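Q: First residue of the sequence shown? That's 1 in full-length UniProt numbering, and the numbers climb one at a time after it.
Beta carbons: idealized from backbone N, C-alpha and C, even for Gly.
Predicted model only: the values in this text are computed from it and were never measured.
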Amino acid sequence: MPMDQIEILTIPCREDNYAFLLHAGGRTALVDAPEARPILEVLTKRGWRLDEVWLTHHHLDHVDGLPGLRAAHPGLTVTGAAADAKRLPDLDQQVGDADSFAFAGHDVEVLDVSGHTVGHIAFHIPSAEAVFTADSLMALGCGRVFEGTPEMMWTSLSKLAALPDDTVIYSGHEYTATNARFALTIEPDNEALIARAEKVQRYVAAGQPTVPSTLAEERATNPFLRAALPEVKVQLGMVNSEDSSVFAEIRSRKDQF
């Protein structure tokens with residue numbers, strides 16, 4: 001019997017966060033819980049009961065809505081990283097890198113993408129060509145390296161970059177316009193980036209989310225995924241540098257942008 005296709009909804013939360021609802025086979029899951037109200041509004045409108053919440057990392061703007069969701073939907077199960085369980089809300093299921101679990105008949109693969117935080121995970125659903133990356137790989141950017149090292153973050157981004165081109169990247173924030181302006185300081189002559197920056201401006205002006213994106217788009221335009229490319233190293237004057245060192249330089253420049 002064929003699996004039901006997963007419907008994925010992007011939900012703006014707080015000032016610039018995103019949460020994502022997944023629905024298939026009569027079950028509903030949520031990736032991250034920035035705040036309860038907008039998520040509950042969509043659940044009510046759709047007539048869905050929330051069954052599962054998958055947490056990517058412990059930062060408040062990704063977990064703050066969980067108590068309100070639990071109150072409205074008692075019995076939901078919460079999944080998060082075993083490596084970060086002490087800093088996350090109480091977990092019903094603890095997972096780690098290369099683990100997998102099922103959602104409505106679909107395999108959900110867990111990827112350790114530490115760097116922004118140590119213990120940050122992403123959720124990859126191959127059958128839906130989707131990966132939920134929160135504050136690791138972002139649209140035209142990546143998260144600040146708060147707890148890990150640049151080498152750790154580069155390893156995590158390289159892991160995500162190895163997924164198929166058609167993979168849709170569901171990231172955690174609406175930072176794309178600023179990320180585009182910064183990316184153009186690294187590759188001002190990248191035609192794909194110039195075109196994408198213009199598209200981002202149109203989306204923002206129309207009040208439309210710029211998330212999600214595709215991995216193919218990110219490979220072509222995201223400076224943090226392009227640190228290994230000779231043309232980027234030439235642009236930065238780092239021709240003979242290690243890829244992770246080039247990434248670290250780009251991240252340092254972004255931190256000061």
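The alpha helix (DSSP H) with residue 194 in it runs from where to where?
A: Taking the sequence shown and counting its residues from 1, one reaches residue 194 at position 194. Here the alpha helix (DSSP H) through residue 194 covers 191–205.
Q: If I measure Cβ to Cβ from residue 170 and keep anything under 8 angstroms in the same chain, skipping five residues before and after, which residues do I get?
A: On the sequence shown, residue 170 is found 170 positions in, with the first residue counted as 1. Cβ neighbours of residue 170 beyond the five flanking positions: 8, 10, 18, 20, 31, 130, 131, 132, 133, 211, 212.
Q: Is it buried or exposed, residue 196, if we count other Cβ atoms within 10 angstroms and call 16 or more buried?
A: Residue numbering aside, residue 196 sits at position 196 when the sequence shown is read from its first letter. With 16 or more Cβ atoms within 10 Å of its Cβ, residue 196 is classed as buried.
Q: For the candidate residues 52, 65, 77, 47, whose alpha-carbon lies nearest to that of residue 33?
A: The sequence position of residue 33 within the sequence shown is 33, counting from 1. It is 65 whose Cα lies nearest to the Cα of residue 33.
Q: Sort out for me which residues DSSP pairs residue 12 with in a bridge.
A: Along the sequence shown, one-based indexing puts residue 12 at 12. Note: residue 12 sits in a beta bridge opposite 18.
Q: Is DSSP giving residue 1 helix, strand or coil here?
A: As a position in the sequence shown, residue 1 is number 1, starting the count at 1. Its pLDDT being 47, under 50, residue 1 is placed unreliably in this model, and the coordinates cannot settle the point.
Q: Does residue 113 pass the burial test, meaning 16 or more other C-beta atoms within 10 Å, or should it be called exposed?
A: Taking the first residue of the sequence shown as 1, we reach residue 113 at position 113. Flag for residue 113 reads buried.
Q: For the structure I just gave you, are there three or more beta carbon pairs, one from the region 77–87 and one from the region 110–126, closer than 8 angstroms?
A: Judged by Cβ distances under 8 angstroms, the region 77–87 makes contact with the region 110–126, as three or more pairs qualify.
Q: Would you identify the three-state DSSP class for residue 27, choosing helix, strand or coil?
A: Walking along the sequence shown from the start, residue 27 turns up at place 27. Note: residue 27 maps to strand in three-state DSSP.
Q: How would you write the range of the alpha helix (DSSP H) that residue 248 sits in, first residue to last?
A: Within the sequence shown, residue 248 is the residue found at index 248, counting from 1. Looking at the DSSP string, the run of the alpha helix (DSSP H) that includes residue 248 is 243–255.
Q: By Cβ distance, which residues of its chain are closer than 7 angstroms to residue 50, with the 5 residues on each side in sequence left out?
A: Position 50 of the sequence shown, counting from 1, holds the residue named residue 50. Closer than 7 angstroms at the Cβ level, and outside the excluded window around residue 50, lie 28, 30, 43, 69, 73, 76.
Q: For the candidate residues 35, 4, 6, whose alpha-carbon lies nearest to that of residue 14?
A: On the sequence shown, position 14 is the one that residue 14 refers to. Checked all of 35, 4, 6; the closest Cα to residue 14 is 35.
Q: I need the boundaries of the alpha helix (DSSP H) containing residue 186, first residue and last residue.
A: As a position in the sequence shown, residue 186 is number 186, starting the count at 1. Run containing residue 186: 176–186, per the alpha helix (DSSP H) assignment.
Q: To the nearest angstrom, how far is the alpha carbon of residue 181 from that of residue 25?
A: Taking the sequence shown and counting its residues from 1, one reaches residue 181 at position 181. Taking the sequence shown and counting its residues from 1, one reaches residue 25 at position 25. When rounded, the distance between both Cα atoms is 41 angstroms.
Q: Between which two residues does the alpha helix (DSSP H) holding residue 228 run?
A: Taking the first residue of the sequence shown as 1, we reach residue 228 at position 228. No alpha helix (DSSP H) contains residue 228, which DSSP labels as neither H nor E.
Q: Less than 8 angstroms between the CB atoms is what I'm expecting for residue 214 and residue 192, so what's the real figure, rounded?
A: Along the sequence shown, one-based indexing puts residue 214 at 214. Along the sequence shown, one-based indexing puts residue 192 at 192. Actually they are not in contact, since the Cβ atoms of residue 214 and residue 192 sit about 12 angstroms apart, beyond 8 angstroms.
Q: Looking only at C-alpha atoms, which of 109, 89, 231, 142 sits nearest to residue 95?
A: Indexing the sequence shown from 1 puts residue 95 at position 95. That would be 109, whose Cα lies nearest to the Cα of residue 95.
Q: Excluding the 5 residues preceding and the 5 following residue 176 in the sequence, name in chain order all residues of the same chain whose CB lies nearer than 6 angstroms to its CB.
A: Numbered from 1 along the sequence shown, position 176 holds the residue referred to as residue 176. Correct list, in chain order: 139, 140, 200, 210.
Q: Check the C-beta distance from residue 250 over to residue 104 and give it rounded, since I have them as a contact under 8 angstroms.
A: Numbered from 1 along the sequence shown, position 250 holds the residue referred to as residue 250. Numbered from 1 along the sequence shown, position 104 holds the residue referred to as residue 104. Not a contact, Cβ separation roughly 38 angstroms.
Q: Can you grab the Cα-Cα spacing for the pair residue 1 / residue 23, in whole Å?
A: In the sequence shown, counting from the first residue as 1, residue 1 sits at position 1. In the sequence shown, counting from the first residue as 1, residue 23 sits at position 23. Residue placement at residue 1 is poorly supported in this model, since its pLDDT is 47, which falls under 50; the coordinates are not used for a value here.
Q: Mapping DSSP to helix, strand and coil, what is residue 94?
A: Start at 1 with the first residue of the sequence shown, and residue 94 comes out as number 94. Strand at residue 94.
Q: Tell me the rounded alpha-carbon separation between residue 107 and residue 156.
A: Residue numbering aside, residue 107 sits at position 107 when the sequence shown is read from its first letter. Residue numbering aside, residue 156 sits at position 156 when the sequence shown is read from its first letter. Looking at the two C-alpha atoms, the distance is approximately 21 angstroms.
Q: DSSP beta-bridge partners for residue 7?
A: Residue mapping note: residue 7 aligns to position 7 of the sequence shown, counting from 1. Its beta-bridge partners are 23.
Q: Can you give the Cα-Cα distance for residue 97 and residue 166, rounded to whole angstroms?
A: As a position in the sequence shown, residue 97 is number 97, starting the count at 1. As a position in the sequence shown, residue 166 is number 166, starting the count at 1. Answer to the nearest angstrom: the Cα atoms are 22 angstroms apart.
Q: Under the rule that 16 or more other beta-carbon atoms within 10 Å means buried, what is residue 257, buried or exposed?
A: One-based indexing of the sequence shown puts residue 257 at position 257. Exposed.
Q: Under the assumption that residue 163 contacts residue 124 (Cβ atoms under 8 angstroms), give the Cβ distance between them as a whole number of angstroms.
A: One-based indexing of the sequence shown puts residue 163 at position 163. One-based indexing of the sequence shown puts residue 124 at position 124. Rounded, the Cβ-Cβ distance is 7 angstroms, consistent with contact.
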